[in-house]
Amino acid sequence: MVNSSSKQKTGIYIHYPFCLSKCIHCDFYSLPLGRDNKSIEKKYIYALLDEIRLYRSILSVREPSTIYLGGGSPNLLSIRDLHSILDCICEVTGVARPVEFSIEINPASDIGDKLEGYKALGVNRISIGVQSFSNKMLKFLRRPHSVEDSLETYKMLRDWGFENINMDLIFGFPMQTLDEFKKDLETVVGLGPEHISVYNLIYERDTPLYRMRQTGKVEALDEDVEWQMWVYMHKFLEDSGYTHYEVSNFAIDGKESVHNLNYWNRKEYFGFGPSAHSFSNGIRWWNVRDLGAYIGKVEEKEFPMERKEVIEKKDQIEEIFMLSMRVKDGVRKESIEKIAAWGNELFVEVVRGLEKYTPDYLSLSKDEIVVNYKGWFILDEILVNVFHILDAFWREIYDSQENS
Ligand code: SF4
Numbered sequence: 001m002v003n004s005s006s007k008q009k010t011g012i013y014i015h016y017p018f019c020l021s022k023c024i025h026c027d028f029y030s031l032p033l034g035r036d037n038k039s040i041e042k043k044y045i046y047a048l049l050d051e052i053r054l055y056r057s058i059l060s061v062r063e064p065s066t067i068y069l070g071g072g073s074p075n076l077l078s079i080r081d082l083h084s085i086l087d088c089i090c091e092v093t094g095v096a097r098p099v100e101f102s103i104e105i106n107p108a109s110d111i112g113d114k115l116e117g118y119k120a121l122g123v124n125r126i127s128i129g130v131q132s133f134s135n136k137m138l139k140f141l142r143r144p145h146s147v148e149d150s151l152e153t154y155k156m157l158r159d160w161g162f163e164n165i166n167m168d169l170i171f172g173f174p175m176q177t178l179d180e181f182k183k184d185l186e187t188v189v190g191l192g193p194e195h196i197s198v199y200n201l202i203y204e205r206d207t208p209l210y211r212m213r214q215t216g217k218v219e220a221l222d223e224d225v226e227w228q229m230w231v232y233m234h235k236f237l238e239d240s241g242y243t244h245y246e247v248s249n250f251a252i253d254g255k256e257s258v259h260n261l262n263y264w265n266r267k268e269y270f271g272f273g274p275s276a277h278s279f280s281n282g283i284r285w286w287n288v289r290d291l292g293a294y295i296g297k298v299e300e301k302e303f304p305m306e307r308k309e310v311i312e313k314k315d316q317i318e319e320i321f322m323l324s325m326r327v328k329d330g331v332r333k334e335s336i337e338k339i340a341a342w343g344n345e346l347f348v349e350v351v352r353g354l355e356k357y358t359p360d361y362l363s364l365s366k367d368e369i370v371v372n373y374k375g376w377f378i379l380d381e382i383l384v385n386v387f388h389i390l391d392a393f394w395r396e397i398y399d400s401q402e403n404s
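Okay, so the sequence shown: first residue is 1 according to the working numbering, each after it adds one.
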C-alpha cells in the first residue's frame, strides 16, 4: 500500500445504522441493535463492503484524505469489522492511511476494550456524543449513558493518547436554564477537548420529541433564553481559546474537522451505508433509508441509491450561499464567478439586499459576505432573503433571454 499524492483527494463517510436504543430527538437513520438482530448487523457489514467494491473503478483513482464513521453508534462495531471496512477501503483505493480518520462514539464504560484497536487501525480523531453534563437532560433524551460515563470515556481516551477529541453538546432543552447551560460549558472547557460541537435541540418531524411538543407534553424553550445561551456560549468558548469556525462548531487552532470542512466547501465525498449521501463532479446522490432495501440492492449488485441529482448552475450557487454562510470565512465572490459569467452582478445584488443586516449580523464588501455569530443565530431568516434575491435575479435573466 502506498500513500499517493497524485491522486484526487476525497472524503469517505461510512454510515453505521445501529444504536443501543433510540433517543427521542433523533432523526438519523438508526435501528436498535439487540442480541437477536446481531445477524442483521453481519449482513449490513457484507453489504457495506460490497457497496464500497461497486465503486472500485471510481475510487481506484482517488485518495481518501478523510474517513468518517458516523451513525448510529459506530462504537458498537467490533474491531474485526472495523478492520474489514478499512481493509476494503485500502484495497479499492490502494491508500493505507487517511490524514484524518474519525469515529463517533457514545460514552460507555466498555469503550476501553476498543481503544487499543482504534489506535492500531490509525483512528486519530474521536467524537464523543456527550450531549449534556446533566443526568436530568440525558434522561430526558433517553440516552443510555450517564455524565459519569462521559467523564470516564474521556479519561480513557486521554490515557490511550488520543490527541484530537470532539465533544458534542446540545443546548435549548425544554426548561433548561442559562445557568445549567453555563455549567455544561464550564465542564467541557475544564476537560479541554480540541473540538466542541454545540447543537440547538431541534424538534424534527416524525420524532417522539416532536410529538411530545405537538401534544403539549413539552414546551420549547423561550427564544430569548436560547439567544442568551447563544451569546454566552460564543463569548465563553472564544475567550477559552476555541474559534467559532462554523455555526455549531468550535476548535482550537488547527483542529477544525477536515472532513466536515470538505462538506461546507463543497468538496467531493462518497458516503456508504443506508441513508449515506455523496457528492462528486457536480452530482449529489443518496442511498435508500432502509436497511433491508439497502442490503437487497447491493446483493443484486446494484448501487443502493434512492436518488441522484445533477446540480444545475442555479442550485450550485444556492448551495454556495447556504454552505459558505455557515463558516467563518464566508462567501467569496470568486466562487460565484467561477460558476457563472454574471456572478459579479448577482453578488452585487445579494450584497445590496443584505445591507439591512450590517453591521450587527454580517459584514459586506464587494468581494465577500461574512456572517458573524449573531447572524448565525438567525441564519435561516438571512438565507430566505438571499433566496428571494436569487429568485428575482434568475427571473430577470430568463425574461431577458426570452425577449432577446
Ligand atoms: S445515539 Fe445518536 S444516532 Fe443513536 S439514536 Fe441517539 S442521537 Fe440517534
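Virtual Cβ for every residue (Gly too), placed ideally from N, Cα, C.
{"Asked": "Less than 8 Å between the CB atoms is what I'm expecting for residue 71 and residue 30, so what's the real figure, rounded?", "Found": "6 Å"}
{"Asked": "Determine the extent of the beta strand (DSSP E) in which residue 308 is found, giving its start and end residues.", "Found": "305 to 310"}
{"Asked": "Below 8 Å, is the gap between the Cβ of residue 106 and the nearest heavy atom of ligand 1?", "Found": "yes"}
{"Asked": "Can you list every residue whose CB sits closer than 6 Å to some heavy atom of ligand 1, going in chain order?", "Found": "19, 22, 23, 26, 28, 30, 71, 72, 73, 106 and 129"}
{"Asked": "I need the boundaries of the beta strand (DSSP E) containing residue 244, first residue and last residue.", "Found": "243 to 246"}
{"Asked": "Is it right to say residue 273 is buried, meaning 16 or more other beta carbons lie within 10 angstroms of its own, or is it exposed?", "Found": "buried"}
{"Asked": "Taking the alpha helix (DSSP H) that residue 298 belongs to, which residues open and close that run?", "Found": "291 to 299"}
{"Asked": "Does the distance from the C-beta atom of residue 280 to that of residue 10 stay below 9 Å?", "Found": "yes"}
{"Asked": "Taking the beta strand (DSSP E) that residue 9 belongs to, which residues open and close that run?", "Found": "8 to 16"}
{"Asked": "How should residue 33 be labelled, buried or exposed, when 16 other C-beta atoms within 10 angstroms of its C-beta is the threshold for buried?", "Found": "buried"}
{"Asked": "If we count Cβ pairs, one from each stretch, closer than 8 Å, do we get three or more for the stretch 102 to 110 versus the stretch 83 to 93?", "Found": "no"}
{"Asked": "Give the secondary structure of residue 361 by DSSP, where H, G and I count as helix, E and B as strand, and everything else as coil.", "Found": "coil"}
{"Asked": "Pick out whichever of 171, 130, 144 and 373 has its Cα sitting closest to the Cα of residue 151.", "Found": "130"}
{"Asked": "Short of 8 Å in beta carbon distance, which residues of its chain neighbour residue 284, apart from the five on each side in sequence? Order them along the chain.", "Found": "277, 278, 308, 309 and 311"}
{"Asked": "Buried or exposed: residue 294, going by 16 or more other Cβ atoms within 10 Å of its Cβ?", "Found": "buried"}
{"Asked": "According to DSSP, is residue 342 part of a helix, a strand, or is it coil?", "Found": "coil"}
{"Asked": "Mind checking which residues open and close the alpha helix (DSSP H) that includes residue 55?", "Found": "No alpha helix (DSSP H) holds residue 55; DSSP gives it neither H nor E."}
{"Asked": "Would you kindly check if the distance between the Cβ of residue 227 and the Cβ of residue 246 is under 9 Å?", "Found": "no"}
{"Asked": "Taking contact to mean 3 or more Cβ pairs, one atom from each stretch, closer than 8 Å, check whether the stretch 193 to 205 and the stretch 342 to 356 are in contact.", "Found": "no"}
{"Asked": "DSSP has residue 368 in a bridge; who is on the other side?", "Found": "332"}
{"Asked": "Could you spell out where the alpha helix (DSSP H) holding residue 269 opens and where it closes?", "Found": "First-last for residue 269: 269 to 272, but that is the beta strand (DSSP E), not the alpha helix (DSSP H)."}
{"Asked": "Measuring CA to CA, which of 214, 144 and 382 is closest to residue 73?", "Found": "144"}
{"Asked": "Which of the three DSSP states is assigned to residue 105 in this structure?", "Found": "strand"}
{"Asked": "Taking just the CA atoms, how far does residue 328 sit from residue 387?", "Found": "20 Å"}
{"Asked": "From residue 171 to residue 160, what does the alpha carbon distance come to, in whole angstroms?", "Found": "29 Å"}
{"Asked": "Using the C-alpha atoms, what's the distance from residue 153 back to residue 377?", "Found": "31 Å"}
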